[in-house]
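*Asks:* Residue numbers for the sequence shown follow the numbering used here, so the first one is 6 and each next one is one higher. Structure incoming, see below.
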Amino acid sequence: MEEITMQLGMKRALFQAGKAYQLGEIPIGAVLMKGDTLISEAHNTREQSRNPLHHAEILALEIAAHQLKDWRLEGTTLYVTTEPCPMCLGALLQARLDQLVFGCADPKRAQVIEKNQRGDFIFPSLKNISSITGNNHKLLIQGGVMEAECAQLLKDFFIDKR
6 MEEITMQLGM KRALFQAGKA YQLGEIPIGA VLMKGDTLIS EAHNTREQSR
56 NPLHHAEILA LEIAAHQLKD WRLEGTTLYV TTEPCPMCLG ALLQARLDQL
106 VFGCADPKRA QVIEKNQRGD FIFPSLKNIS SITGNNHKLL IQGGVMEAEC
156 AQLLKDFFID KR
């Protein structure tokens, strides 16, 4: 994938995250593109809508599926400012996206439950989720695109909140 396309996608996602920030939402933005064509964009609206499903990624998928009149979003790339949570990553796999590009990691959220050797519940990494055996769709994942800018926006938001 071209660096220019990745930068453009992430800049748009950061713009959406900025909108969320202004509304008092956790500043996460998502942009779905096919090549260099914009399909949909969204930001978190969970607090305003009082709906736990209204993450930026889910909303971008919903808008795209409606516009394209198909839940299969093959050939597309989602740009998101922060690594997706398990719910969102599951939705990306179900929608059959080709690629996920995220800005900064969020080890507190991007997890799926599994037991460790002691029997405690632990959470493996994002990349492990996308390669679950038996899944008939593989999602290419790339992180760290405009990482500093994405991380700073989150940091600023939580400093302002506290």
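For every residue, glycine included, the Cβ atom is placed at its ideal position computed from N, Cα and C.
Report the rounded CA-to-CA distance for A18 versus F162, giving the unit in angstroms.
*Replies:* 16 Å
*Asks:* Should K60 and C90 be called a contact, given that it needs their Cβ atoms to be closer than 8 Å?
*Replies:* One point to set straight first is that residue 60 is His, not Lys, in the sequence displayed. Remark: C-beta atoms of H60 and C90 approach each other more closely than 8 Å.
*Asks:* If you reduce the DSSP assignment to three classes, tell me which class L64 lands in.
*Replies:* helix
*Asks:* What is the DSSP secondary structure of I164, reduced to helix, strand or coil?
*Replies:* The DSSP-derived three-state label of I164 is helix.
*Asks:* How about L98: is its C-beta nearer than 8 Å to some C-beta of chain C?
*Replies:* Given the protein chain composition of this structure (a single chain), no chain C is represented.
*Asks:* Mapping the DSSP letters down to three states, classify G29 as helix, strand or coil.
*Replies:* G29 falls in the coil class under three-state DSSP.
*Asks:* Classify M15 as helix, strand or coil using the three-state DSSP reduction.
*Replies:* In the structure shown, M15 sits in a helix (DSSP, three-state: H, G or I).
*Asks:* What do you reckon, is the C-beta of N49 under 7 Å from a heavy atom of the ligand ATP?
*Replies:* This structure lacks the ligand ATP; in fact it carries no ligand of any kind.
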